[in-house]
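Accompanying notes for the structure given below.
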Amino acid sequence: GVIIALRSVTMETGERTFSVGVHDNNGPESEMEVHLVYKRTRKTNEKREAVLRRTKRHWRPAPFHILENGKPPFPIYIDQFVSDSSQNYSVFYTLRGPGIDEYPFDIFSFNSENGKLYLKQSVDREEYSEFHLTARVFDKVNQKERDNP
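Sequential numbering of the sequence shown, starting at 1, is according to the UniProt record's numbering.
Right, here's the structure in full:
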C-alpha cells in the first residue's frame with residue numbers, strides 16, 4: 001500500500017519509525033510499522049523541501065492485538081508471518097517465546113509451514129499484558145537462516 005502525508009514532514013537527518021493502524025468491520029485491528037529514512041533527492045515540492053521516501057524493513061512482523069477474554073470457538077486466527085525470502089526460497093518459520101515454548105504454555109499455536117498464528121484460549125490482559133515473540137525464517141533446502149530475527 002501507499003501512505004500519503006497530508007502535510008509536509010520535516011526531518012533533518014536519520015530516520016523516523018511509527019506505526020499505522022488499520023481497522024474495518026471484518027476483523028481485528030491490523031498494525032504495521034513504517035520506517036521513514038531521510039534521503040536527499042533531487043525532487044522537491046513547491047516550498048523546496050526535500051521529499052521523503054518510505055522504505056520497508058525486510059523482516060519484522062508487525063505487532064498484533066488480540067481481544068481480552070476472547071470468546072470460543074478456538075483456535076482464532078491472529079496473523080500470518082511472511083518473509084521477503086519466501087519469494088525466492090522455499091522457507092519455514094519458527095516462533096519462540098511466552099505462549100509458545102515458554103510459560104504460559106499453549107496460548108498460541110503456530111504453523112511453521114505457512115507462518116499462520118492462532119490463539120488457542122482466552123487471555124486476561126491483567127495477567128499477561130504483552131507477549132514478546134521471536135520469529136525466524138529458514139531455507140527448507142539447506143536449513144540456513146534466511147533473515148535476521
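In this text, a Cβ means the ideal position worked out from N, Cα and C, and glycines have one as well. Since the model is a prediction, treat every value here as computed from it, not as a measurement.
Which residue wins for smallest C-alpha separation from residue i, given the options the options?
{"i": "residue 137", "options": "100, 76, 69, 115", "result": "115"}
{"i": "residue 111", "options": "125, 79, 127", "result": "79"}
{"i": "residue 76", "options": "143, 135, 119, 146", "result": "119"}
{"i": "residue 146", "options": "84, 69, 33", "result": "84"}
{"i": "residue 132", "options": "123, 139, 100", "result": "100"}
{"i": "residue 18", "options": "29, 34, 64, 26", "result": "34"}
If you follow the beta strand (DSSP E) that residue i is in, where does it begin and where does it stop?
{"i": "residue 125", "result": "First-last for residue 125: undefined, no H or E at that position."}
{"i": "residue 79", "result": "76-80"}
{"i": "residue 119", "result": "116-119"}
{"i": "residue 109", "result": "108-110"}
{"i": "residue 89", "result": "Premise fails: residue 89 is in no beta strand (DSSP E) and is neither H nor E."}
Take residue i and list the residues in its own chain whose beta-carbon comes closer than 8 Å to its own, dropping the five residues that flank it on each side.
{"i": "residue 121", "result": "74, 106, 107"}
{"i": "residue 71", "result": "122"}
Short of 7 Å in beta carbon distance, which residues of its chain neighbour residue i, apart from the five on each side in sequence? Order them along the chain.
{"i": "residue 128", "result": "104"}
When DSSP builds the beta bridges, which residues end up paired with residue i?
{"i": "residue 102", "result": "98"}
{"i": "residue 34", "result": "18"}
{"i": "residue 136", "result": "94"}
When you compare the CB of residue i with every CB in chain C, is at least one pair closer than 8 Å?
{"i": "residue 137", "result": "Of the protein chains in the structure, only one exists, and it is not chain C."}
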